[in-house]
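Presented below is the structure to which this report refers.
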Amino acid sequence: MVAGFLRALSGTAARRANRVSFVSMKPQVVFVLGGPGAGKGTQCARIVENYSYTHLSAGDLLRQERSRKDSESGQLIDTYIKEGKIVPVEITINLLRKAMEDTMQKDEDKFRFLIDGFPRNQDNLQGWTAVMEGKADVRFVLFFDCSNQVCIDRCLERGKSSGRSDDNRESLEKRLRTYLQSTRPIIELYGEQGKVRTIDASRTVDEVFADVRTILDKEG
Ligand code: UDP
Ligand code: MG
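Just so you know, we're using our numbering here: the sequence shown kicks off at 1 and counts up by one.
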């Protein structure tokens, strides 16, 4: 009888009645990776201004969670961020999944996501696969590539005003080490699947964004 009732509803109403999480379109995801200070956040903001993407920064979501009053993981997140270590994926994936669900529940046309700063290691990748495989499509990886020196210079410059607890020389060295040891292999893995779009991120914001445009105009 319930099934008959649902069938009797129009398509949209039936979808609403049946709403669990991702109702209509499967989320289409672009992972945005690159070293600390490579310009991921800056370029994502530019993309959002010009294309219909929602920007989710894993780091920002973690920082928000850290500052939530009754967060159980606030202290752990704080320590991991200062140490440039990668937070256990159970925490990150839940924040990401919830942010995607909330976005699509508010507006089901918002199914395109830039997921910035994730997946950063094997643990992240496994967590993503366990929770999101089949539920979201990873279209490709936008890889902002620049030298370690550029990363260091930019983060120290940003540190003068960012207020971030990890934009200092000590944390930065650890973040860079984590990036080289843990994140680069993930980028290589996607590369073997032909899924990486590499951009020379050492240039100006406008120059880099011109390349981003070329890629997005082609790939949608
Ligand atoms: N972080 C994490 N898991 C993630 C994303 C970020 O543990 O999926 C932590 C990690 O400690 C990292 C810090 O958050 O060093 C800052 O990440 P963010 O992406 O904000 O730094 P960015 O790469 O933009 O400089
Ligand atoms: Mg960032």
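Note that beta-carbon positions come from the ideal geometry of N, C-alpha and C, so glycine has one too.
Per-residue burial, residue i [other beta carbons within 10 Å of its own, 16 or more giving buried]
| i | result |
| --- | --- |
| SER165 | exposed |
| GLU65 | buried |
| LYS218 | exposed |
| VAL169 | Before going on, a small fix: residue 169 reads as Arg here, not Val. So ARG169 counts as exposed. |
| LEU180 | exposed |
| ARG177 | exposed |
| LYS40 | buried |
Reference residue i, options the options, closest by Cα
| i | options | result |
| --- | --- | --- |
| GLU173 | LYS26, GLY35, LEU216 and VAL29 | GLY35 |
| GLU101 | LYS160, THR54, ILE47 and ARG177 | THR54 |
| LYS195 | GLN126, LYS98 and VAL29 | VAL29 |
| LEU95 | SER202, TYR179, LEU156 and ILE77 | ILE77 |
| GLU72 | GLY117, VAL48, ARG177 and ILE91 | ILE91 |
| GLY159 | GLY37, TYR190 and SER24 | GLY37 |
| PHE143 | ASP116, CYS155 and GLU157 | ASP116 |
| SER147 | LEU62, ASP200, SER162 and LEU61 | ASP200 |
| LYS110 | SER52, ALA99 and GLN43 | SER52 |
| PRO88 | LEU114, ARG120 and PHE113 | ARG120 |
Residue i (DSSP reduced to helix, strand or coil)
| i | result |
| --- | --- |
| ARG169 | helix |
| GLU133 | strand |
| THR54 | strand |
| GLY163 | coil |
| ASP109 | coil |
| ARG139 | strand |
| VAL205 | helix |
| ILE86 | coil |
| ASP70 | coil |
| VAL20 | Caution is warranted here: a pLDDT of 49 is assigned to VAL20, below 50, making its placement in the model unreliable, and no coordinate value can be reported. |
Segments of 4+ residues assigned as alpha helix (DSSP H) that fall wholly inside the stretch 172 to 200: Within the stretch 172 to 200, the complete alpha helix (DSSP H) runs of at least 4 residues are 184 to 192.
Given 8 Å, three or more beta-carbon pairs between the stretch 181 to 188 and the stretch 129 to 137: Three or more beta-carbon pairs separated by less than 8 Å are not found between the stretch 181 to 188 and the stretch 129 to 137, which leaves the two stretches without contact.
The stretch 135 to 151 / the stretch 65 to 85 touching (three or more Cβ pairs under 8 Å): Touching, no.
Stretch pair the stretch 210 to 217 + the stretch 112 to 125: three plus CB contacts closer than 8 Å: They do not touch, by the three-pair rule.
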